[in-house]
Structures are given as structure tokens and as C-alpha cells.
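Student: First to last, the protein sequences are chains Z and H.
Residue numbering for the first sequence follows numbering that gives the first Met the number 0, starting at 0 and increasing by one per position.
Residue numbering for the second sequence follows numbering that gives the first Met the number 0, starting at 0 and increasing by one per position.
Here it is, the structure, as C-alpha cells.
Number of protein chains: 2
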Amino acid sequence: MINKDSNSGHTETSPLGGWEGLGSKGLEVCLTPALLPLYKVEDYIVVVIDIFRATSSICYGIENGAEAIIPVAQVEECAAYREKGFNYLLAAERDGAVVSGFDFGNSPFSYTKEKVAGKTVVLTTTNGTHALHLSIKAKRIVIGSFLNITTLCNWLKTQDENILLVCAGWKNNFNLEDTLFAGAVVEQLKERQYKTDDPAIAANDLYQLAKDDLTGYLKKTSHSERLKQLGIEEDIAFCLNVDIATSIPVLDGDRLVKMEV
Amino acid sequence: MINKDSNSGHTETSPLGGWEGLGSKGLEVCLTPALLPLYKVEDYIVVVIDIFRATSSICYGIENGAEAIIPVAQVEECAAYREKGFNYLLAAERDGAVVSGFDFGNSPFSYTKEKVAGKTVVLTTTNGTHALHLSIKAKRIVIGSFLNITTLCNWLKTQDENILLVCAGWKNNFNLEDTLFAGAVVEQLKERQYKTDDPAIAANDLYQLAKDDLTGYLKKTSHSERLKQLGIEEDIAFCLNVDIATSIPVLDGDRLVKMEV
């Protein structure tokens, strides 16, 4: 196939540097937010990934007609919206649990049509909103999850830009579920012949191993054990649903809204 | 098998936290030096890994009778040893090449018996010595490579300690070769029933994919492409030799020396 993405100005800034000058756009995976300073994010479209559960819930909420979801870094910022008198839903999660005093956390079952249609949600989470704020200088920030993966990938294919898949991870470290999703995106974008870096290769290889039974594969992770202790196994199962949504949440100013495509 | 490693005091400090209280020592993988601040290194024996090529060359040099290898962070520190009048060999590598004015860099072929037996080498490299210095508070720091993997793992099995495998990576980011080696260590230590974290699971799964043809697998990496451009393919092939050494370099003060076992 013809590669339409030659003459990228970006490639010099790749931290791994293996594919300078090879004439196509880059598809890279940032395995944890702690590694984001290694990337010049303004050269990329960033996909933020926090499969269990923030970005899955954001995709589900936008799909279900939430007017906007405002990601904020701190619990205090989230609480401050209460004083502003807006009719916002306030969602705060830390360490996998709803913060006391808030309407809800980041369980996808809190983002149903009945609960969020027409409403604005202010959301802070342990990992996902952190990754989003660190990516703020990106060309564009979109939200990915298994729920909207094919719609997301089809849109990415129409963009003539470098793509950085940012895994929110767990407290700044690597986790398997976000990496597997990154690998699934790499899989769908293979036909476009992006230049991939080592993390993207690893993510895709792990996805190949896991794809026939994502749930079974993830059961062996430490994160799965922790989430099980939190009693959110139904949430986990829900977050592994593939293509039940066709919306792409995109950051517009300080709010995530449904992308018009 | 009976697990002899119960009642670890360490587990509370695990950044992933999935295996607290499960009653055995931890075997964790730090995928890049940039993630080291997430670990309380004083709770671990650290294995420093920089397969292409620093830790492979260190293992080979110690095996070949080098009296000591002194890892230093900066090229200037390395150069300063010249003025001290010692009969040291000075080795400096940056971005894969020998720094001009130095005896040699980190090619394993510079660490033969003829060149290093009875001598002390002062070494600075892009990634490997960086990872080592960041790990300095560890209970013990040892050096790993495919050259000495079985000897290293057999020794680790005799230690009743948490183990952190620190991948030097490439300029603070993830690379495949160091991760694969970490996965190979996880494989050899499986019988000891350590508690592993997500990076260790991922590293081991990638190793399973690659183990039958490490060279072929690594050819698809960006790093391999870069190293090929540097003309060091013979070095790469050499660094993938398994078990040609039976020495374990260990940090003693500021010097890496042969461990007495």
C-alpha cells in the first residue's frame, strides 16, 4: 500500500529514535504517565487509556448523552463545582473507591442514559484524569476504551498525524489492561504502516497473546486481584465489552464532549 | 512446594500493591530507570540489566578477570581518573558509540581476557550506569545478562529477599531486549513462587513469545535498527549468548567485583 504519511517533522523527537527518516507517521505507546516527559506531546494526537475504569466510563457516559465530562486533577477541584451552583454531577474516585461525599466514582454503571443524559459530570480519578492533564499540550486528546475501539481507530486512520497512546497505568506504573488496549489499537492500525516503537511492539505482542480471552488473561494480573477485592468485578467485565459505543470523547477546552464526525 | 518466604515486611511498599499479605517475597520488574522512584529500592536486591551492551560487557569483563569495573555517571568523572595516575582502562559510551579520547566503550569485545585481566576499568554508559546509580540504596546490586543468567538465577534463589529487576532501557524509556531478559529471569525463578507484578507478568509473556529465537524477535525492534546503523551487529549477537559466564558482578563500595560464592 502507498504510505501517505511521508515527511513527518516529528520523527526527530522520538525518544527511541529508531525510525527517523523512514517516511511515515509514528504510532507510539507511552506505558505510564511517568514517562510522558520523554515525549513532545504537542507533536501527537494523544489517546488517553484507563480501561479499569475511567476512560471506559467516559466513553459510556458520552455515548449515553452526557453533555460533557469535565476532568479535574484534584478532589478539591471537583468539590469546588458544588459551590458554583451548577447542576453538575460530581464524580470522584481514589484507589478504586468513590470518595466520600460524592455522587459517584468511575463505575460505568454510574454513566447510564438515565443518570447522565443531558448532564455535565465533573470527574477526578486516580490515574485517568492525571494522564489526561499531563497530555494537555497534545494536538488533540481523545478517549479510548474497548467500548469504542473500532470507531476510535477508524477515526485515527483518517488523521495524518503521529499518534501517542497514553496508558494511565496504576499510580504511575505499568499495568496490563491499558497496555493490552494499546496493543489492540496498534493491531487495528497495522494496515496504515505507522512506525512503531518498542512499547508499541510489546503492547501488540501481549495483545496477540491475550485477545482470544481478555478476561482470562487479565485474571492473572495483580491489578485484577486488587479490583476483585474492591468488589467491582461486574465493572471489569463491562469494561471489556468491545464496540458497544460509537462515540469518541474529545477534549474541547476543559471539557470532554462527543466528537462531531 | 513449601514457600519459605512468608512474612515479608516489604509488600506494603509495592507500587502495584496487588499481592500484599499473600505471604511470599516479591519479584518485580522496573521497566525503565524513570520508574525507579516508584520503588523503595532499599527493600530489594536489585539486578541491573542493560543487555545491549553495558551489563553484558560487565559480566564478560569480570568473567575474564577484570579486577574491578567502576561505574561512573558522567564522562567527565571517567576522564578524571586519567589525572589520578592510576593504571585504569577508561571506557565511555554515549548513544552507542565510543566517546572520543577514551580507550573503549561498551563493546563486549573490549572486555576480553587479553584486555582486562587483572585490570580495573572505569566505565560510563548512556543507560546502564545511570540505572545502577539510581539503584544505589538497594540491599545489594548485582549485574545480569544472558551471559551469566543461570548462575545469577541460582544465586537469587538462595536469597531470602525481594528482587527488583531494573531495566536500563533506552534514554529512560522501555526497550524490548532488557524486558525480555527480565522475563527470562522470571522464568528461571518461577519454581520459587515469588509474587510478581504486572511488569513481571508482561516481561515473562514476551519472553515466552521470543525465547525460541531471541535474535529474530529482537530484529523487529526499533533499537535493533538503531544498533545496526551503529555497525555493532556482532556485539548484539554476542550479547545473546546464554550461560557462557559463571561470574556475578556485584557492587562493593563504588566498584563492581566478582561475587564470592
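The beta carbon of each residue, even a glycine, is placed where N, CA and C say it ideally should be.
Can you tell which of 130(H), 170(H), 150(H) and 256(H) has the C-alpha that lies nearest to the C-alpha of residue 163(H)?
Tutor: Counting from one through the second sequence, the residue named residue 163(H) turns up at place 164. Out of 130(H), 170(H), 150(H) and 256(H), 130(H) has the C-alpha closest to the C-alpha of residue 163(H).
Student: Within 10 angstroms of its Cβ, does residue 49(H) collect 16 or more other Cβ (buried), or is it exposed?
Tutor: Along the second sequence, read from residue 1 onward, the residue named residue 49(H) stands at position 50. The residue is buried, with at least 16 neighbouring Cβ atoms inside 10 Å.
Student: In chain H, which residues lie with their C-beta within 9 Å of the C-beta of residue 214(Z)?
Tutor: The count along the first sequence starts at 1 and reaches residue 214(Z) at position 215. What residue 214(Z) touches in chain H: nothing, since even the nearest Cβ is about 15 Å away.
Student: Give me the subset of the stretch 190-209 of chain Z whose CB atoms are less than 7 Å from a CB atom of chain H, sorted by chain position.
Tutor: For the stretch 190-209 of chain Z, which is checked against every Cβ of chain H, the residues closer than 7 Å are 196, 197, 198, 200, 201, 204, 205 and 208.
Student: Does the stretch 106-113 of chain Z touch the stretch 45-65 of chain Z, meaning 3 or more C-beta pairs lie closer than 8 Å?
Tutor: Segments in contact, yes.
Student: Whose Cβ in chain H lies nearer than 8 Å to the Cβ of residue 173(Z)?
Tutor: Walking along the first sequence from the start, residue 173(Z) turns up at place 174. The contacting residues are 30, 34, 197, 198 and 201.
Student: Nearest chain Z C-beta to residue 261(H) closer than 8 Å, yes or no?
Tutor: It is not possible to answer for residue 261(H), since the shown part of chain H is limited to 0 through 260.
Student: Mind the definition here: the stretch 175-185 of chain H touches the stretch 150-166 of chain H only if three or more C-beta pairs lie below 8 Å; say whether that holds.
Tutor: As far as the Cβ criterion goes, the stretch 175-185 of chain H touches the stretch 150-166 of chain H, which means the pair count is three or higher.
Student: Can you tell me whether DSSP reads residue 92(H) as helix, strand or coil?
Tutor: For the purposes of this step, residue 92(H) is taken as the residue at position 93 of the second sequence. If DSSP states are grouped into helix, strand and coil, residue 92(H) belongs with the strands.
Student: Report yes if the CB atom of residue 201(H) is closer than 8 Å to the CB atom of residue 123(H), and no otherwise.
Tutor: Looking up residue 201(H) in the second sequence gives position 202. Looking up residue 123(H) in the second sequence gives position 124. Going by C-beta atoms, residue 201(H) is not nearer than 8 Å to residue 123(H).
Student: Please check if any C-beta of chain C sits within less than 8 Å of the C-beta of residue 124(H).
Tutor: Going by chain labels, chain C is absent from the structure shown, which instead holds the protein chains Z and H.
Student: Please name the residue in 204(Z), 236(Z), 98(Z) and 161(Z) whose C-alpha comes closest to that of residue 217(Z).
Tutor: Taking the first residue of the first sequence as position 1, residue 217(Z) is located at position 218. If we check each option's Cα against that of residue 217(Z), 236(Z) comes out closest.
Student: Short of 6 Å in beta carbon distance, which residues of its chain neighbour residue 245(Z), apart from the five on each side in sequence? Order them along the chain.
Tutor: Working through the first sequence from its first residue, we reach residue 245(Z) at position 246. Closer than 6 Å at the Cβ level, and outside the excluded window around residue 245(Z), lie 150.
Student: Of all the alpha helix (DSSP H) runs that stay within the bounds of the stretch 207-236 of chain Z, which reach a length of 4 or more residues?
Tutor: Correct list: 213-217 and 221-228.
Student: Measure the alpha-carbon distance for residue 90(H) versus residue 147(Z) and round it to whole angstroms.
Tutor: Residue mapping note: residue 90(H) aligns to position 91 of the second sequence, counting from 1. Residue mapping note: residue 147(Z) aligns to position 148 of the first sequence, counting from 1. So the alpha carbons of these two residues sit roughly 52 Å apart.
Student: Considering residue 27(Z), what are the terminal residues of the beta strand (DSSP E) in which it resides?
Tutor: In the first sequence, the residue the question calls residue 27(Z) occupies position 28. 25-29 is the extent of the beta strand (DSSP E) around residue 27(Z).
Student: Compare the C-beta of residue 128(H) against all C-beta atoms of chain Z and say whether one is closer than 8 Å.
Tutor: As a position in the second sequence, residue 128(H) is number 129, starting the count at 1. Not an interface residue.
Student: Closer than 8 Å, CB to CB, is residue 54(Z) near chain H or not?
Tutor: Translated into positions along the first sequence, residue 54(Z) becomes position 55. Judged by the 8 Å Cβ criterion, residue 54(Z) is not in contact with chain H.
Student: By DSSP, does residue 205(Z) sit in helix, in strand, or in coil?
Tutor: Translated into positions along the first sequence, residue 205(Z) becomes position 206. Residue 205(Z) falls in the helix class under three-state DSSP.
Student: Which of the three DSSP states is assigned to residue 98(H) in this structure?
Tutor: Residue 98(H) sits at position 99 when you count from the first residue of the second sequence. Coil at residue 98(H), not helix or strand.
Student: If residue 199(H) and residue 34(Z) are in contact, beta carbons under 8 Å, what's the gap, nearest whole angstrom?
Tutor: Position 200 of the second sequence, counting from 1, holds the residue named residue 199(H). Position 35 of the first sequence, counting from 1, holds the residue named residue 34(Z). The Cβ separation is near 18 Å, so there is no contact.
Student: Report yes or no: do the stretch 36-43 of chain Z and the stretch 84-100 of chain Z share at least 3 C-beta pairs separated by less than 8 Å?
Tutor: The stretch 36-43 of chain Z, when compared against the stretch 84-100 of chain Z, does not touch it at the 8 Å Cβ threshold.
Student: Could you name each continuous beta strand (DSSP E) segment of 3 residues or more that falls completely within the stretch 33-112 of chain H, going from the start of the chain to the end?
Tutor: As far as the stretch 33-112 of chain H is concerned, its whole beta strand (DSSP E) runs of at least 3 residues are 43-48, 67-70 and 88-93.
Student: Against chain H, with Cβ distances strictly below 8 Å, would residue 156(Z) count as a contact?
Tutor: The residue you call residue 156(Z) lines up with position 157 of the first sequence. No, no contact with chain H.
Student: Flag residue 111(Z) as yes if its beta-carbon sits less than 8 Å from any beta-carbon of chain H, otherwise no.
Tutor: Counted from its first residue, the first sequence places residue 111(Z) at position 112. By this cut-off, residue 111(Z) is not an interface position.
Student: Buried or exposed: which applies to residue 195(H), given that a residue is buried once 16 or more other Cβ atoms fall within 10 Å of its Cβ?
Tutor: Taking the second sequence and counting its residues from 1, the one referred to as residue 195(H) is at position 196. Residue 195(H) is buried by the Cβ-count criterion.
Student: Against chain H, does residue 83(Z) count as a neighbour if the rule is that its beta carbon must be under 8 Å from one of theirs?
Tutor: Walking along the first sequence from the start, residue 83(Z) turns up at place 84. Answer no: the Cβ-Cβ gap between residue 83(Z) and chain H never drops below 8 Å.
Student: For residue 249(Z), does the three-state DSSP call read helix, strand or coil?
Tutor: By one-based count along the first sequence, residue 249(Z) stands at place 250. Three-state DSSP puts residue 249(Z) in a strand.
Student: Quick one: is residue 218(Z) near chain H, going by C-beta distance under 8 Å?
Tutor: Counting from one through the first sequence, the residue named residue 218(Z) turns up at place 219. False, the Cβ-Cβ gap to chain H never drops below 8 Å.
Student: Report buried or exposed for residue 214(Z), applying the criterion of at least 16 other Cβ atoms within 10 angstroms of its Cβ.
Tutor: On the first sequence, residue 214(Z) is found 215 positions in, with the first residue counted as 1. Residue 214(Z) should be labelled exposed.
Student: So, at 7 Å on beta carbons, what are the nonlocal neighbours of residue 177(Z) in its own chain, with the 5 sequence-adjacent residues on each side left out?
Tutor: Position 178 of the first sequence, counted from the start, is the residue given in the question as residue 177(Z). So the list reads 48, 49, 50, 166, 167 and 168, once near-sequence residues are dropped.
Student: Within the 8 Å Cβ cut-off, does residue 20(Z) reach chain H?
Tutor: Residue 20(Z) sits at position 21 when you count from the first residue of the first sequence. For residue 20(Z), the predicted structure reports a pLDDT of 38, less than 50, and the residue's modelled location is therefore unreliable. A value from the coordinates is still provided. Not closer than 8 Å to any Cβ of chain H, the Cβ of residue 20(Z) fails to qualify, so no.
Student: Under DSSP, the alpha helix (DSSP H) around residue 149(H) begins and ends at which residues?
Tutor: Here residue 149(H) corresponds to residue number 150 of the second sequence, with the count starting at 1. Start and end: 148-156.
Student: Considering only their Cβ atoms, is the gap separating residue 137(H) from residue 179(H) smaller than 8 Å?
Tutor: Along the second sequence, one-based indexing puts residue 179(H) at 180. Along the second sequence, one-based indexing puts residue 137(H) at 138. For residue 179(H) and residue 137(H), no; Cβs fall outside 8 Å.
Student: Is residue 128(H) helix, strand or coil when you go by DSSP?
Tutor: The residue you call residue 128(H) lines up with position 129 of the second sequence. In the structure shown, residue 128(H) sits in a helix (DSSP, three-state: H, G or I).
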